[in-house]
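*Asks:*
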Amino acid sequence: MTTKAAKTASKRPFDIVVYGATGFTGKLTAEYLVRSQGANPLKLAIAGRNRGKVEACQQDLLSINSQAHIETLHADSDDYTSLVNMAAQAKVVITTVGPYLKYGEPLVRACVEAGTHYVDLTGEPEFVEGLQHELHDQAVEKKIKIINSCGFDSIPHDLGALYTVHQLNTLLGEDKAGKCPVKVEGFIEAKGTFSGGTWHSAITQFSRLRAYHNKRKEWHKTRKTKPTDRRRTRVMQPKVFWVNAHKAWACPFPSIDPQVVKRTAAERKEFGPDFIYGHYILVKKLPKLIGGVVGAGGLIALSQFKYTRNKLLEVKDPGQGPSEAMRNKSWFKVHFVGEADGLHVWTEVAGGDPGYGETAKMLAESALCLAQDKDLPANYGVTTPGAGMGVALIERLNAAGITFRTI
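Adding 232 to a residue's 1-based position in the sequence shown gives its number in the numbering used here.
1. Going by DSSP, what residues sit across from Trp-481 in a beta bridge?
2. Measure the C-alpha to C-alpha separation of Trp-563 and Lys-377 and round it to an integer number of angstroms.
3. In this structure, how does DSSP classify Thr-235 when only helix, strand and coil are distinguished?
4. Name the DSSP beta bridge partners of Tyr-509, please?
5. What is the C-beta distance between Ala-342 and Leu-315, in whole angstroms, given that I count them as a contact (C-beta under 8 Å)?
6. For Glu-627, which of helix, strand or coil comes out of DSSP?
7. In terms of alpha-carbon separation, which member of Ala-434, Trp-481, Val-351 and Val-577 lies closest to Cys-601?
8. So, Phe-246 versus Ala-300, is the Cβ gap smaller than 7 Å?
9. With the cut-off set at 7 Å, would you say Tyr-395 and Ile-626 are in Cβ contact?
10. Check this for me: beta carbons of Thr-496 and Thr-638, under 7 Å apart or not?
11. Apply the 10 Å Cβ neighbour rule to Glu-417 and answer buried if 16 or more other Cβ atoms are within range, or exposed otherwise.
12. Going by beta-carbon coordinates alone, are Val-581 and Glu-502 separated by less than 7 Å?
13. When the distance is taken between beta carbons, is Ile-435 closer than 7 Å to Ile-513?
14. If you follow the alpha helix (DSSP H) that Glu-546 is in, where does it begin and where does it stop?
15. Looking at the secondary structure, which residues open and close the beta strand (DSSP E) in which Leu-602 lies?
16. For Val-372 and Lys-479, what's the separation of their Cα atoms in angstroms?
17. Using only alpha-carbon positions, find the residue among Lys-561, Glu-499, Tyr-588 and Met-558 that is nearest to Tyr-612.
18. For Ala-603, collect the residues of the same chain with a Cβ closer than 7 Å to its Cβ; drop the 5 residues on either side in sequence, then sort them by chain order.
19. Is the separation between the beta-carbon of Ala-226 and that of Ala-288 shorter than 7 Å?
20. Taking the Cβ atom as the reference point for each residue, do Thr-328 and Thr-257 lie within a distance shorter than 7 Å?
21. Given a threshold of 16 other Cβ atoms within 10 Å of its Cβ, counted over all protein chains shown, does Glu-546 qualify as buried or as exposed?
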């Protein structure tokens with residue numbers, strides 16, 4: 233923040249507001265914030281449209297930490313004034329209210345109006361690109377950060393690629409660091425499940441693939457910002473191949489993660505003059521790989537029709553999630569291979585339950601980073617975890633048990 237903006241933010245009653253705290257992931261995020269309070273108590277508020285549910289959530293949180301500073305606010309995605317009032321009281325707003333294509337844009341606009349940092353969990357490319365097109369310049373002018381995809385989509389991949397590039401640059405030495413073409417590939421291994429909110433967001437996204445394609449054409453025609461240097465950032469063409477080191481098939485993983493990594497690379501010069509990224513999920517058995525591809529294709533096809541789309545949405549309720557016992561059995565690892573000037577580095581990002589426990593941790597630590605840390609990268613507007621927080625967030629996550637290491 234600028235000095236003026238920092239002074240304004242310091243006078244606000246809350247460090248962080250969690251909007252959607254009565255939902256499954258929102259409550260986990262609020263619980264993490266309450267449990268992890270250090271010597272300086274966090275000024276926290278939780279918000280939602282149902283006052284009774286928000287107050288009940290407040291009592292649940294106080295039962296975890298009776299000394300915590302937790303207040304309640306009323307806000308509704310259909311009431312823009314309430315969103316502005318909520319945003320104006322905090323340094324950072326966390327939102328877990330999705331699908332973001334349906335509910336997200338008014339809150340981001342309110343945060344820009346109020347001069348408040350914003351973090352979310354979206355994995356919806358159409359939503360993010362719309363924000364870049366509509367609100368980026370205003371957010372830059374306000375010196376605030378709108379940082380999407382602060383959960384498993386896309387922090388392990390985005391910050392893992394950044395960490396890998398830093399290890400490569402250490403090997404390259406000062407004379408070559410940031411001056412050589414760089415190639416990074418990420419390989420996901422995970423065991424876990426997903427929430428009703430994630431399911432609804434995915435079905436919504438699948439149903440809008442054609443509309444999104446048409447929007448991208450229009451956005452490209454009217455894009456205000458153009459590249460200012462000759463650096464290239466690219467995503468590898470999809471391919472399936474055998475990875476002997478992991479005894480598994482690598483399959484392209486259709487997620488927002490490669491776009492996020494690409495955007496971070498475009499903002500940070502340590503990624504070199506020509507950066508390319510490949511993004512895969514590891515599958516041990518070929519029949520499982522084929523089944524996954526066929527299943528994804530079926531979901532995309534069924535999402536195109538209103539009747540079948542509505543039936544798919546009925547499979548999971550938005551606030552629904554797995555038990556604590558199931559979450560405790562879940563885990564993830566993302567393996568990275570980095571290459572530059574003939575040198576190679578192997579790194580890994582690893583943690584527990586990717587869909588919930590660690591996602592709540594990543595989201596909460598992102599908000600804490602924006603609220604408390606100084607000397608963050610001076611990348612404002614609609615940006616990424618790697619561009620907007622970078623090494624500071626890697627250090628926070630390492631301390632919180634999500635490990636970044638060189639193998």
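Even for Gly, the Cβ is constructed at its ideal location relative to N, Cα and C.
*Replies:* So, from the listed chains and residues:
1. Listed as beta-bridge partners of Trp-481 by DSSP are Trp-474 and Val-515.
2. About 30 Å.
3. For Thr-235, the pLDDT reaches just 46, beneath the cut-off of 50, and the residue's location in the model is therefore unreliable, although a value from the coordinates is still provided. Helix.
4. According to DSSP, which records beta bridges pairwise, Tyr-509 is partnered with Val-416 and Val-467.
5. Confirmed, Cβ separation roughly 4 Å.
6. The answer is helix: DSSP assigns Glu-627 an H, G or I state.
7. Considering only alpha carbons, the answer is Val-351.
8. No, they are not a contact pair.
9. Yes. Within cutoff.
10. No, the pair does not count as a contact, with Cβ atoms beyond the cut-off.
11. Buried, because 16 or more other Cβ atoms sit within 10 Å of the Cβ of Glu-417.
12. Taking a C-beta distance under 7 Å as the contact criterion, Val-581 and Glu-502 do not qualify as a contact pair.
13. The Cβ atoms of Ile-513 and Ile-435 lie no closer than 7 Å to each other.
14. Annotation: Glu-546 is outside any alpha helix (DSSP H) and is labelled neither H nor E by DSSP.
15. That residue, Leu-602, is in no beta strand (DSSP E); its alpha helix (DSSP H) goes 589 to 604.
16. Val-372 and Lys-479: Cα-Cα distance of roughly 46 Å.
17. Among Lys-561, Glu-499, Tyr-588 and Met-558, the Cα nearest to that of Tyr-612 belongs to Glu-499.
18. In its chain, beyond the 5 residues on either side, Asp-247, Ile-248, Lys-323 and Val-324 have a beta carbon closer than 7 Å to the beta carbon of Ala-603.
19. Look at the range of the chain in this structure, 233 to 639, and you will see that residue 226 is not part of it.
20. Result yes, Cβ atoms of Thr-328 and Thr-257 sit closer than 7 Å.
21. Counting the other Cβ atoms within 10 Å of the Cβ of Glu-546 gives fewer than 16, which makes it exposed.
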